[in-house]
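This report concerns only the one structure given below.
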Amino acid sequence: MNRTLEHILPRVQKPARYTGGEYNAVVKDRHRVDTRYALCFPDTYEIGMSNLGMRILYGVMNQMEGVWCERVFAPWGDMEEEMRREGVSLYGLESGDPIADFDLIGFSLGYEMAYSNVLNMLDLAGLPLRSEERRGLSPIVVAGGTCAFNPEPLSPFVDVFALGEGEDVSVELIQLYRRAREECWSKEEFLSAAAQVPGLYVPSLYEVRYQPDGTVAQIEPLEGAPLPVTKRIVQDFNKSYFPVKTIVPSTEIVHDRVMLEVFRGCIRGCRFCQAGYAYRPVRPRDPKLLLKQGIAACKDSGYQEMTLSSLSTSDYRPLEQLCDGLLDWCEPNRASLSLPSLRADNFSLGLMERVQHVRKSGLTFAPEAGTQRLRDAINKNVTEEEILRSCRTAFSGGWSSVKLYFMLGLPTETDEDVLGIADLAEKIYQAWKETTPNPRRGVNITVSTAFFVPKPHTAFQWEGQISMEEYHRRVKLLREHMRGRSIKYNWHDPETSFLEAVFSRGDRRLAGVLEEAWRQGAKFDAWSEYFDFQRWMQAFRTCGVDPNFYAGRVRDREEVLPWSVTATGVSQAFLWRERERAYEAVITPDCRKQCTGCGADKLYPGGVCDAEA
Numbered sequence: 180m181n182r183t184l185e186h187i188l189p190r191v192q193k194p195a196r197y198t199g200g201e202y203n204a205v206v207k208d209r210h211r212v213d214t215r216y217a218l219c220f221p222d223t224y225e226i227g228m229s230n231l232g233m234r235i236l237y238g239v240m241n242q243m244e245g246v247w248c249e250r251v252f253a254p255w256g257d258m259e260e261e262m263r264r265e266g267v268s269l270y271g272l273e274s275g276d277p278i279a280d281f282d283l284i285g286f287s288l289g290y291e292m293a294y295s296n297v298l299n300m301l302d303l304a305g306l307p308l309r310s311e312e313r314r315g316l317s318p319i320v321v322a323g324g325t326c327a328f329n330p331e332p333l334s335p336f337v338d339v340f341a342l343g344e345g346e347d348v349s350v351e352l353i354q355l356y357r358r359a360r361e362e363c364w365s366k367e368e369f370l371s372a373a374a375q376v377p378g379l380y381v382p383s384l385y386e387v388r389y390q391p392d393g394t395v396a397q398i399e400p401l402e403g404a405p406l407p408v409t410k411r412i413v414q415d416f417n418k419s420y421f422p423v424k425t426i427v428p429s430t431e432i433v434h435d436r437v438m439l440e441v442f443r444g445c446i447r448g449c450r451f452c453q454a455g456y457a458y459r460p461v462r463p464r465d466p467k468l469l470l471k472q473g474i475a476a477c478k479d480s481g482y483q484e485m486t487l488s489s490l491s492t493s494d495y496r497p498l499e500q501l502c503d504g505l506l507d508w509c510e511p512n513r514a515s516l517s518l519p520s521l522r523a524d525n526f527s528l529g530l531m532e533r534v535q536h537v538r539k540s541g542l543t544f545a546p547e548a549g550t551q552r553l554r555d556a557i558n559k560n561v562t563e564e565e566i567l568r569s570c571r572t573a574f575s576g577g578w579s580s581v582k583l584y585f586m587l588g589l590p591t592e593t594d595e596d597v598l599g600i601a602d603l604a605e606k607i608y609q610a611w612k613e614t615t616p617n618p619r620r621g622v623n624i625t626v627s628t629a630f631f632v633p634k635p636h637t638a639f640q641w642e643g644q645i646s647m648e649e650y651h652r653r654v655k656l657l658r659e660h661m662r663g664r665s666i667k668y669n670w671h672d673p674e675t676s677f678l679e680a681v682f683s684r685g686d687r688r689l690a691g692v693l694e695e696a697w698r699q700g701a702k703f704d705a706w707s708e709y710f711d712f713q714r715w716m717q718a719f720r721t722c723g724v725d726p727n728f729y730a731g732r733v734r735d736r737e738e739v740l741p742w743s744v745t746a747t748g749v750s751q752a753f754l755w756r757e758r759e760r761a762y763e764a765v766i767t768p769d770c771r772k773q774c775t776g777c778g779a780d781k782l783y784p785g786g787v788c789d790a791e792a
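When you number the sequence shown by the numbering used here, it's gap-free, plus one each residue, and the end is 792.
See the structure below:
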């Protein structure tokens, strides 16, 4: 550690965020590597180190001979202030070297409200924000993650977007970069070649024209660039890298445990869920391999807790077999096994009792909507009776705490649907009274509502978001009808969800708004300590951009969508058909019951979207 950092760190909160040196961190001789990659997460250390995808990419790249991948996180305000005062550039945790000297800088984009941190980190690195102003071959700025499926708002700042799963395409990008450096290519030559790598989107090679009404008229690829750019997926998930030797943080993080990813993709087809569509098809990992990996990771790291991870873990066919195997090791070794929230239609009391046999913590279900009609409209494929039956089963087994998650503002929602949330909570309370073996203990039922955000590449990508005023009205309506001391109601503020809707379906013209807001101090917009809605509204006014054009407007089927430069493999015809079925409140069976013909199987000829998953 250099002397300046030694001088700074005693003056900031949580200095362990900025020191590196953790167990299993990869430190290489900088003189023996030829390519350096800064893997950046635009949020705090505690959030970034809890991200399994970041740990996977870190391991994949550091396995490459001659490549050194280092981690970089957004410094909290106190550390940023000290760094700017002392002239310390943003640096890699492993070496302490400025990332401006690295060959590639990659950002993980999981949430639109982190975009201002991307700009802030580039500036802290001493780099120009815009791609066109960074003229040399190094550093190349890369971005990936779920938000990359609509890359347009960040396009002027990023050289290359990696779409889909990054294990393979990251290696190919680094290999191409090495060749470009050896053969003395210009940046333009490198980007032209990168555009030919499947899964890589180079925004500078696409020209966007607009209609007089502000909608996109045409997206024209240049220099033979593909249109659209289709995501990459891992073909054989059993051979995919898993971080057995995982970094053990020196300070507390959000998810401080071993995470086992049981499968990728989702069979369900909820019409609002971007991840459910974007990560198709379903690819499970062998339970014997998971058992081996989980035990090895615990032994190596010393972690005393494992958790199973996926979009819908209870849909993993050999779940009970896997849990039994893990518990056979966990129990004598005083380690715990935890499951994420389970679906109400396949809740297993026996499984939960084995996993939580010592401490029965709360259960979490996500009905998403209060009435059966609306649950059918969003294709949630869970009935009220299934929800109540699962709650009764849990209460009879000794559980006394249930969390329920819903959304307000879903397409076709009416006041009757809103009030249905309160009605369902009351029915769950009555179910507790009828079934609990120990009524003196009491029950805690927590209802939480979020503000629905229409997302690209979903059946609701054409929908408008309801106004914040209307959202507040529905919250008030629900709050007034939520009765009983045992039922607690929480709701999400609408302002961040409004901005999320703007940027999730925005185009390149939002780049100016983002830069203006950042110059006025925007950063850490996912954190209430820093978020300032009025600052963003002023940035829209300064740039002459109407945010409601992006958030609240319903799109026509024929409209050219800004994110049509990217493809998830799920066809637009399928998504439109799902939208029509939503308005008819008609469900689409899950992929195990019937292939829905979404198109994702074409990406993966050996993949499974049906009953064999």
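In this text, a Cβ means the ideal position worked out from N, Cα and C, and glycines have one as well.
| Query | Result |
| --- | --- |
| Residues that DSSP places opposite S683 in a beta bridge | Per DSSP, none; premise fails for S683. |
| Minimum C-alpha distance to Y495 - residue among N512, S429, V632 and R447 | R447 |
| C-beta contact flag for L355 and F369 at 9 Å | yes |
| Given L218 as reference, the closest of Y389, F286 and K667 once Cα atoms are compared | F286 |
| Endpoints, the alpha helix (DSSP H) within which I432 is located | It is not in any alpha helix (DSSP H) - I432 carries neither H nor E in the DSSP assignment. |
| Proximity of S627 and H434 at Cβ, strictly below 9 Å | no |
| A327 - DSSP class collapsed to helix/strand/coil | helix |
| Span of the beta strand (DSSP E), counted from its first residue to its last, around A629 | N623 to F630 |
| Buried or exposed (CB count within 10 angstroms, at least 16 for buried), L401 | exposed |
| Close Cβ partners of E346 (< 8 Å) along its chain, the five nearest in sequence each way excluded | I235, L236, V239, V413, S419 and Y420 |
| Burial state of V765 (16 or more Cβ within 10 Å) | exposed |
| Alpha carbon of R358 to alpha carbon of V321, nearest angstrom | 17 Å |
| Where Q751 falls: helix, strand or coil (DSSP) | helix |
| Closest by C-alpha distance to D257, when choosing among P189, L298, G275 and A514 | P189 |
| Own chain residues within Cβ distance below 6 Å of S575, not counting five before or after | T614 |
| Residue from R652, Q717 and S683 with nearest C-alpha to Q699 | Q717 |
| Residue nearest to T409 in terms of C-alpha spacing, selected from E344, S580, I432 and G473 | E344 |
| Exposure label - P330; buried when at least 16 CB within 10 Å | buried |
| Beta-carbon proximity of R684 to L754, cut-off 9 Å | no |
| Close Cβ partners of K702 (< 7 Å) along its chain, the five nearest in sequence each way excluded | S295, N296, N299 and Y709 |
| Reference A545; option with closest CA among E249, L553 and I566 | I566 |
| Per-residue DSSP class, three states only, for I645 | coil |
| Contact set for T325: own chain, Cβ-Cβ below 8 Å, skip 5 residues either direction | L288, G289, Q453, A454 and A457 |
| Check whether A779 and A293 have beta carbons under 9 Å apart | no |
| Contact belief for E738 with G663 at Cβ below 8 Å, rounded distance in angstroms | 46 Å between Cβ atoms; not a contact. |
| Span separating the alpha-carbon of A690 from that of W578 | 49 Å |
| Residue ranges of each alpha helix (DSSP H) within the stretch 699-740, 4 or longer | 712-722 and 727-730 |
| Where M243 falls: helix, strand or coil (DSSP) | coil |
| Local conformation of L487 per DSSP, three classes | strand |
| Nearest-angstrom Cβ-Cβ length linking T338 and I319, presumed shorter than 8 Å | Correcting the residue type first, residue 338 is Asp in the shown sequence and not Thr. So it is a contact: roughly 5 Å between Cβ atoms. |
| Other residues of its chain near S515: CB distance less than 7 Å, five sequence neighbours each side excluded | Q483, E484 and C509 |
| Buried or exposed by the 16-neighbour rule on C-beta atoms within 10 Å, applied to E185 | exposed |
| At least three beta-carbon pairs within less than 8 Å, the stretch 666-686 to the stretch 629-641 | yes |
| Contact under 9 Å by Cβ, F451 with L589 | yes |
| Euclidean distance between Cα positions of D465 and P307 | 46 Å |
| Limits of the alpha helix (DSSP H) - the one that N296 falls within | Y294 to L303 |
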